[in-house]
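Just so it is clear: in the sequence shown, position 173 is 1202 by the numbering used here, and no numbers are missing.
Every residue gets a Cβ at the ideal spot worked out from N, C-alpha and C, and that includes glycine.
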Amino acid sequence: MNALELSEQEIIRRNSLKEMQKLGINPFPAAQYHVNNYSADILKDFDPEKKNLQEVCIAGRIMSRRIMGKASFIELQDSKGRIQVYITRDDICPDEDKTLYNTVFKKLLDIGDFIGIKGYVFVTKVGETSVHTTEITVLSKSVRPLPIVKEKDGKVYDAFSDPEMRYRQRYVDLVVNPDVKDVFLKRTKVINSMRELFNSKDYLEVETPILQAIPGGASARPFETHHNALDIPLYMRIANELYLKRLIVGGFDGVYEFAKDFRNEGMDRTHNPEFTVMEIYVAYKDYNWMMDFTEEMIEKVAKDLHGQTKLMVGDKEIDFKRPYKRISMIDSIKEHTGIDINGMDDVQLREVCKKLDIEVDETFGKGKLIDEIFGEKCEGNYIQPTFITDYPVEMSPLCKKHRDNPELTERFELMVNGKEVCNAYSELNDPIDQLERFQEQMKLSEKGDDEAMFIDMDFVRALEYGMPPTSGMGIGIDRLTMLMTNSQSIQDVLFFPQMRPEKKAVVDSDEKFVELGIAPEWMPIIRKAGFQTVSALKEEKHTKLHQDICGWNKKLKMGLKNPSQDEVKEWLA
């Protein structure tokens, strides 16, 4: 990278790196560094009376420094937290040569650098557990400065809080905002808790294809790609349902998968085009059993994470203790709108939408119209965990018809805090009925519904060989983690959420600056001083501009003849 493209701090750090190399210190050593302790464990386990932990070896980033002559304090951050480290000149430089302390530590090391510390644990006069250093090793030089987050009396200043920057540079967010790491540790605990329950029941964890010839298992728009060798289109999976049910056909009693799915749809607080779901299918069960099982799973996750079932989500207290309320979709719509839609056709449902001021597309069939009514008028009312059951058959092309009402299906969704968290069925295992449902979806597709399901004839063939009565459930891991960590956006629980491309700054050509009378050889300095457009340059006072560019000329050792203040004033006229 050209020095003219670097900030002043970046130039200083690169110079420090070169100085280290001149002293024979490799700023990026390859050898293993043998860590035997971590900050949090030291703070928890050290006992001053026992004088344990007298040979510790820790490693991490320098996060703050207090240099006081021959003795200094730093704050070291490792993967488990932060700890104070005490460093003295004569301890790390016992011989005549004091370069390691006087030059390397005091002048060439920076906040953000990785170092290794060997020493022993003690308690300072003010009662802070610290590591007294006997040996220091440079492990990695940071050539770009971290954002400085200051904290005093429990208040944080200059926090790295801009969501755009936090999500785009998650690696920085994790370093300077300690609470962020906790969210992702809890996310892993959510998955481990669920996996523990499934494994205890001898269900098998499996993997199914991400690239699929037919994107099935949900109503959603897929991402499309192309396989060059086979010269065929392929799709990123929108769900893993149909492959998991093939495994039930193949003889497994219970299978589950934590899967990445992809849907070419909008982005908001609860949607990301790439997301994680868990789907589980268990033979010889129905949706009533699955509701009980889902309650058991959610309650277990809450207890494993928090030791209790009551959690704050935003300003609401939500209790995940089972059992949960259960209400049919038809009854829910009747309860919140006063309208009984039971038995209505799509013409009547359009009139209902019009009456309720719900905008719908002409391509929407009966199922989507009902879905819009429920989403607009009912969904947001369910704060405490609630099972919405018995969906109309048009909304559920993979679900078994209700045993008591063929107009409905044996399906439920779990609503929490006004959002769907999971979706489950008594699975359709009648191959003739399944093919007819697929064909109905094709008719919707022909009418312009780009989220209608594809026909998967191989899945129909699998059902023709016979699938036992089965119940399946899918749950969004991202949304469940949002609930369990009180996070307001799906972007807060994804390490690397999808982002819009970074906006490129407007930059005028060099010719536009030259037209002002600026010599071309001064353009690198003009750019270095932070002026990328003529309009920005003209907003600057000529005295300040003169001072800045002359300073950069000297700092960068360009050797150009400085213009006079009057010449600079003419540029801005």
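Host alpha helix (DSSP H) of residue i (start-end)
i: Thr1510; result: Ile1506 to Thr1514
i: Pro1192; result: Pro1192 to Arg1197
i: Phe1666; result: Past the edges of the chain, shown from 1030 to 1602, lies residue 1666, and the structure says nothing about it.
i: Cys1382; result: Asp1375 to Lys1384
i: Met1496; result: Run containing Met1496: none; DSSP gives neither H nor E here.
i: His1571; result: His1571 to Lys1584
i: Leu1473; result: Pro1460 to Glu1475
Top-ranked residue by Cα proximity to residue i, from the options
i: Glu1157; options: Lys1099, Leu1585 and Ile1071; result: Ile1071
i: Gly1295; options: Thr1562, Thr1305 and Gln1527; result: Gln1527
i: Ile1263; options: Pro1238, Ile1277 and Ser1222; result: It is worth fixing the name first, because residue 1263 is Leu in this sequence and not Ile. When each option's Cα is compared against that of Leu1263, the closest is Pro1238.
i: Phe1467; options: Leu1427, Arg1432 and Asn1446; result: Leu1427
i: Glu1436; options: Asn1371, Asn1446 and Glu1286; result: Asn1371
i: Leu1082; options: Gly1089, Asp1074 and Ala1088; result: Asp1074
i: Ala1558; options: Lys1210, Gln1576 and Val1278; result: Gln1576
i: Leu1334; options: Lys1215, Arg1173, Met1552 and Pro1192; result: Lys1215
i: Tyr1420; options: Trp1551, Glu1469 and Ala1453; result: Ala1453
i: Leu1137; options: Phe1291, Thr1299 and Asn1044; result: Asn1044
i: Lys1570; options: Lys1584, Ala1602 and Gln1561; result: Ala1602
i: Asn1065; options: Gln1561, Asp1126, Met1092 and Gly1148; result: Gly1148
i: Glu1405; options: Asp1374, Lys1448 and His1431; result: Lys1448
i: Glu1037; options: Leu1046, Arg1173 and Gln1061; result: Arg1173
i: Gln1050; options: Glu1456, Cys1451, Ser1190 and Leu1129; result: Leu1129
i: Asp1321; options: Glu1442, Lys1476 and Arg1197; result: Glu1442
i: Lys1109; options: Ser1068, Asp1126, Val1133 and Lys1127; result: Ser1068
i: Ala1288; options: Arg1266, Thr1254 and Gln1198; result: Arg1266
i: Met1511; options: Thr1299, Arg1432 and Glu1364; result: Thr1299
i: Lys1151; options: Thr1562, Asn1434, Lys1080 and Tyr1316; result: Reading off the sequence shown, one finds Phe at residue 1151, where the question assumed Lys. It is Lys1080 whose Cα lies nearest to the Cα of Phe1151.
i: Ile1103; options: Asp1139, Asn1131, Cys1122 and Lys1127; result: Asp1139
i: Thr1438; options: Tyr1316, Pro1497 and Pro1592; result: Tyr1316
i: Tyr1272; options: Ala1247, Thr1254 and Ala1258; result: Ala1247
i: Thr1392; options: Ile1547, Asp1375 and Asp1386; result: Asp1375
Neighbour-count burial assignment, residue i, 16 or more Cβ in a 10 Å radius
i: Gly1409; result: exposed
i: Phe1304; result: buried
i: Arg1536; result: A small correction: the amino acid at residue 1536 is Val; Arg does not occupy that position in the sequence shown. That one is exposed.
i: Phe1525; result: exposed
i: Ala1088; result: buried
i: Gln1463; result: buried
i: Met1486; result: exposed
i: Pro1077; result: exposed
i: Val1522; result: buried
i: Asn1269; result: buried
i: Met1194; result: exposed
i: Thr1572; result: exposed
i: Glu1004; result: Residue numbering for the chain in the displayed model covers 1030 to 1602; residue 1004 lies beyond these limits and cannot be assessed.
i: Glu1286; result: buried
Expected contact under 8 Å - CB spacing of residue i and residue j to nearest Å
i: Asn1301; j: Asp1507; result: 7 Å
i: Asp1202; j: Val1212; result: Not confirmed; about 11 Å, so no contact.
i: Phe1252; j: Asn1293; result: 5 Å
i: Arg1224; j: Glu1234; result: 7 Å
i: Gly1283; j: Lys1230; result: 7 Å
i: Leu1589; j: Asn1582; result: 5 Å
i: Ser1357; j: Phe1403; result: Actually they do not touch by this definition, with Cβ atoms about 11 Å apart.
i: Ile1146; j: Ile1091; result: Not confirmed; about 10 Å, so no contact.
i: Lys1274; j: Met1471; result: Actually they are not in contact, since the Cβ atoms of Lys1274 and Met1471 sit about 20 Å apart, beyond 8 Å.
i: Glu1164; j: Ile1121; result: 6 Å
i: Glu1465; j: Thr1499; result: So it is not a contact: roughly 19 Å between Cβ atoms.
Where the beta strand (DSSP E) containing residue i begins and where it ends
i: Ser1169; result: Thr1158 to Ser1169
i: Met1341; result: Lys1339 to Val1342
i: Glu1104; result: Ala1100 to Asp1107
i: Pro1352; result: Note, Pro1352: premise wrong, no beta strand (DSSP E); not H, not E.
i: Ser1093; result: Val1085 to Met1097
i: Ser1455; result: Lys1448 to Ser1455
i: Leu1523; result: Careful: Leu1523 lies outside any beta strand (DSSP E) and carries neither H nor E.
i: His1255; result: Glu1253 to His1256
i: Val1152; result: Phe1143 to Val1152
i: Asp1595; result: Where Asp1595 is concerned, there is no enclosing beta strand (DSSP E), although the alpha helix (DSSP H) it sits in stretches over Gln1594 to Trp1600.
i: Asp1290; result: Gly1283 to Phe1291
i: Phe1441; result: Arg1440 to Val1445
Near the ligand ZN: residue i beta-carbon under 8 Å from a heavy atom
i: Leu1052; result: In terms of ligand content, the structure shown is empty, and the ligand ZN therefore cannot be addressed.
Below-9 Å beta-carbon distance, residue i vs any chain C residue
i: Arg1440; result: The question asks about chain C, but that chain is absent: this structure has only one protein chain.
I'd like to know if the segment 1158-1173 and the segment 1051-1067 are in contact, where contact means that at least 3 CB-CB pairs between them fall below 8 Å. Result yes; three or more Cβ-Cβ pairs closer than 8 Å.
Stretch-stretch touch, CB-based, cutoff 8 Å, three pairs: the segment 1378-1396 with the segment 1344-1358: The segment 1378-1396 vs the segment 1344-1358: no contact.
Pairs of beta-carbons, one from the segment 1240-1253 and one from the segment 1328-1335, closer than 8 Å: are there three or more? At 8 Å Cβ cutoff, the stretches do not touch.
Is the segment 1103-1118 close to the segment 1043-1054, with three or more CB pairs under 8 Å? The segment 1103-1118, when compared against the segment 1043-1054, does not touch it at the 8 Å Cβ threshold.
Contact the segment 1504-1519 vs the segment 1529-1545: 3+ CB pairs below 8 Å: Contact between the segment 1504-1519 and the segment 1529-1545 is absent: fewer than 3 CB-CB pairs across the two stretches fall below 8 Å.
The segment 1499-1506 in contact with the segment 1307-1322 per 3-pair CB rule at 8 Å: Contact between the segment 1499-1506 and the segment 1307-1322 is present, because at least three Cβ pairs lie under 8 Å.
Sufficient close CB pairs (3 or more, under 8 Å) joining the segment 1482-1494 to the segment 1263-1279: The count of Cβ pairs closer than 8 Å, one atom from the segment 1482-1494 and one from the segment 1263-1279, reaches three, so the stretches are in contact.
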